[in-house]
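Numbering (my numbering), first residue to last: 6 to 475.
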Amino acid sequence: LVPGQQYRITDYVTTTTQASTRGAGHQFDIIVTADDVDKLNENARAVQHDGDTYFANSKLEAWKLKYCLDNDTDRFAWADEANGKGVIYRMIDEFNNDVPYDFKNIQYLIGSTFNYFQYGGNYTFVRDTSLDMEIGGIQHYGYVTGKVPSSWSSNTCWLRDNPATTSSVVYDDSGAEITYGNITSVSVSNETYTIYTFSKTKTTAEDFDVSLDKSNNCFGNTIRPYVSVQYRNQRLNQISFVGTSCYSNTFGDNCHSNTFGYGCYSNTFGNNCYSNTFGYNCKHNTFGDNCYSNTFGNGCSSNTFSNDCYSNTFGYGCSYNTFGGGCVSNTFGGGCQHNTFSGSCQSNTFGDSCFYNKFGANCWNNTFSYNCFYNKFGNYCSYLQITDASTTAKQNISVDSGVRGASKWNMFDLTDPAILNKNYQVTFSKDAVGNYIMKWHNTLLTYTGKYKTSNIDNVWKDITPVETYE
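What follows is the structure in structure tokens.
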């Protein structure tokens with residue numbers, strides 16, 4: 006090589022050996038510059054290959070590449086030592102999509118999930134190729150679910166067959182068969198489809214890379230590299246958008262296995278965010294670090310998550326909700342908006358149209374029916390429920406810190422006609438001897454209320470109005 010001289014690589018084609026991925030075979034040439042007689046600079050450019058028509062409308066001269074001539078599997082998990090022509094480990098196209106691999110060619114095989122139903126709940130496991138490994142010389146394929154199954158030690162397992170079948174046996178990371186947990190049934194979904202990072206559809210016959218044409222509004226997306234903790238090499242992220250109008254999305258380091266429908270834009274992710282699933286028109290959502298296994302319906306926007314928020318499920322149109330750190334396994338029906346949660350709020354369930362509710366720290370295992378709004382909960386409010394299933398508003402409720410039921414089997418029910426459709430505040434608290442108090446002001450100097458002596462009492466008893474100077 007002549008230092009400073011440019012060279013054109015005319016036989017480059019993207020290949021991959023990483024599981025559940027493939028190269029599409031769309032060829033272009035790479036221009037590199039020699040730094041020394043035996044060394045190429047890894048900053049490179051692209052140019053159209055002779056005879057190519059696939060990239061006829063692309064401005065390859067505007068692309069920026071990071072290219073390693075070596076097929077180095079210590080650096081890149083998808084490097085092809087047998088047939089590779091080097092590795093592109095960063096590509097920026099003319100629309101400022103910045104991705105740590107050749108996203109014009111790399112395709113993902115999506116699908117292969119299985120469900121375990123056992124004592125303690127139903128768990129959906131999805132493929133996570135970053136967990137793939139050999140144990141005792143046998144290939145094991147990794148799967149992950151959002152919540153640790155009952156009696157299991159982690160939320161991961163491995164199969165020896167891929168894809169999963171109804172007769173699949175699950176193993177732990179030592180290769181031992183997992184036989185505990187009282188597994189009662191297994192169901193498998195092996196619907197698979199191959200897509201680009203930015204794909205039009207899930208149907209192979211109709212699919213194309215939407216990043217090729219500016220009319221598809223695919224621009225300004227940034228994905229940082231994903232480095233395997235186990236193997237210490239860079240892996241393909243398996244982040245995919247299906248549909249048009251995907252733009253201005255940003256992913257931090259080690260984000261992977263996230264899936265988006267069309268019209269998802271201006272979403273921001275911290276580091277280590279993975280296995281999140283979004284419907285269409287999800288936008289302006291912000292995630293801290295370590296947010297994973299969250300599921301969003303259509304039209305979820307402007308939600309903010311701090312660190313370590315995972316396994317939350319949102320129906321359609323859930324927007325403007327704010328979550329502190331460690332909010333886990335919360336479930337929301339459709340149209341839940343403007344709710345605020347402090348840290349460590351877990352396993353709360355909301356019906357449709359619950360909004361403007363505010364929770365302090367460590368509120369968990371609360372269940373709310375439809376149309377609950379403008380309610381406020383202090384810290385450590387747990388095992389509370391509103392069971393009224395009517396569409397009548399349950400609003401302006403204030404629950405003091407520490408008010409809670411006994412357990413998820415003995416929850417404290419706030420339901421009473423006194424809380425329905427009120428335009429004044431109804432407050433729940435406990436007195437010095439442990440009675441549960443529900444009260445509201447009648448006038449400036451008097452209040453009326455009800456009480457229960459136990460959280461499992463079925464009926465609220467009337468309190469005689471007394472004078473107060475609160």
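A virtual CB, placed ideally from N, CA and C, is assigned to each residue, including glycine.
Open item on the list: According to DSSP, is Ile424 part of a helix, a strand, or is it coil?
Closed with: Shown here, Ile424 sits in a helix according to DSSP, grouped into three states.
Open item on the list: Given a cut-off of 8 Å on the beta-carbon distance, is the pair Asn370 and Lys435 in contact?
Closed with: no
Open item on the list: Please tell me whether Asn335 and Ser349 are closer than 8 Å, where the distance is taken between their beta carbons.
Closed with: no
Task: Residue ranges of each beta strand (DSSP E) within the segment 371–402, 3 or longer - done: 389–391
Open item on the list: To the nearest angstrom, how far is the alpha carbon of Glu472 from that of Leu450?
Closed with: Note that Glu472 scores a pLDDT of 48, beneath 50, so its modelled location is shaky; the value from the coordinates is reported in the next line. About 6 Å.
Task: Contact set for Tyr270: own chain, Cβ-Cβ below 7 Å, skip 5 residues either direction - done: Ser250, Cys251, Tyr252, Ser253, Asn254 and Lys288
TODO: Taking Phe378 as the reference, give the member of Lys205, Asn367, Gln430 and Trp163 with the closest Cα.
DONE: Gln430
Open item on the list: My output table needs one value for Ser220: the three-state DSSP class, helix, strand or coil.
Closed with: helix
Task: Through-space distance from Trp445 to Ser158, alpha-carbon basis - done: Rounded to whole angstroms, Ser158 to Trp445 spans 47 Å at the Cα level.
- [ ] Using three-state DSSP, classify Thr451 as helix, strand or coil.
- [x] strand
Open item on the list: Quick check on Ala82: buried or exposed, where buried means 16 or more other Cβ atoms within 10 Å of its Cβ?
Closed with: buried
Open item on the list: Let me make sure I understand the geometry here. Which of Asp178, Tyr146 and Thr150 has the alpha-carbon closest to that of Thr170?
Closed with: Sorting Asp178, Tyr146 and Thr150 by C-alpha distance to the C-alpha of Thr170 places Tyr146 at the top.
- [ ] Tell me whether Ala411 sits in a helix, a strand or coil according to DSSP, three-state version.
- [x] coil
- [ ] Tell me whether Leu65 sits in a helix, a strand or coil according to DSSP, three-state version.
- [x] Secondary structure of Leu65 (DSSP, three-state): helix.
- [ ] Give the straight-line distance between the Cα atoms of Asp16 and Lys90, rounded to the nearest whole angstrom.
- [x] 8 Å
Task: Coil, strand or helix - Val131 by DSSP - done: strand
- [ ] Would you identify the three-state DSSP class for Val215, choosing helix, strand or coil?
- [x] helix
- [ ] Please work out which residues of its chain come closer than 6 Å, Cβ to Cβ, to Arg50, disregarding the five sequence neighbours upstream and downstream, and give them in chain order.
- [x] Short of 6 Å from the beta carbon of Arg50, and not among the five residues preceding or following it, lie these beta carbons of its own chain, in chain order: Ile36.
TODO: Could you tell me if Val215 is buried or exposed, where buried requires 16 or more neighbouring beta carbons within 10 angstroms of its beta carbon?
DONE: Around the C-beta of Val215, 16 or more other C-beta atoms lie within 10 Å, and the residue is accordingly described as buried.
- [ ] Can you have a look at Ile93 and say buried or exposed, based on whether 16 or more other CB atoms are within 10 angstroms of its CB?
- [x] buried
- [ ] Determine the contact status of Gly340 and Ser358, defining contact as a CB-CB distance below 8 Å.
- [x] yes
Open item on the list: For Lys207 and Gly284, what's the separation of their Cα atoms in angstroms?
Closed with: Looking at the two C-alpha atoms, the distance is approximately 14 Å.
Open item on the list: Suppose the cutoff is 6 Å on Cβ atoms and the five residues either side in sequence are ignored; what does the same chain contact list for Asn272 look like?
Closed with: Asn254 and Asn290
Open item on the list: Within 10 Å of its beta-carbon, does Ala84 have 16 or more other beta-carbons around it, so buried, or fewer, so exposed?
Closed with: buried
Open item on the list: Quick check on DSSP: helix, strand or coil for Leu241?
Closed with: coil
Open item on the list: For Tyr279, which residues in the same chain have their Cβ closer than 7 Å to its Cβ, ignoring the five residues on either side in sequence?
Closed with: Cys260, His261, Ser262, Asn263 and Tyr297
Open item on the list: If I measure Cβ to Cβ from Tyr474 and keep anything under 6 Å in the same chain, skipping five residues before and after, which residues do I get?
Closed with: Low per-residue confidence applies at Tyr474: pLDDT is 44, beneath 50, and the placement is therefore not dependable enough to give any value.
Task: Stretch-stretch touch, CB-based, cutoff 8 Å, three pairs: the segment 103–122 with the segment 38–46 - done: no
- [ ] Along the beta strand (DSSP E) that carries Met138, what are the first and last residues, could you check?
- [x] Met138 to Ile140
Open item on the list: Strictly by DSSP, which residues pair up with Lys44?
Closed with: Asp41
Task: Distance, Trp465 Cα to Lys455 Cα - done: 6 Å
TODO: Compare the C-alpha of Cys323 against each of Ser311, Gly302, Cys314 and Gly331 and name the closest.
DONE: Nearest C-alpha to Cys323: Gly302.
Open item on the list: Do Ser245 and Ser204 have their beta-carbon atoms positioned less than 8 Å apart in this structure?
Closed with: yes
TODO: State the beta-bridge partners of Ala49 as determined by DSSP.
DONE: Leu70
Task: Val431, enclosing beta strand (DSSP E) - first and last residue - done: Val431 to Lys435
Open item on the list: With the cut-off set at 8 Å, would you say Gly330 and Phe355 are in Cβ contact?
Closed with: no
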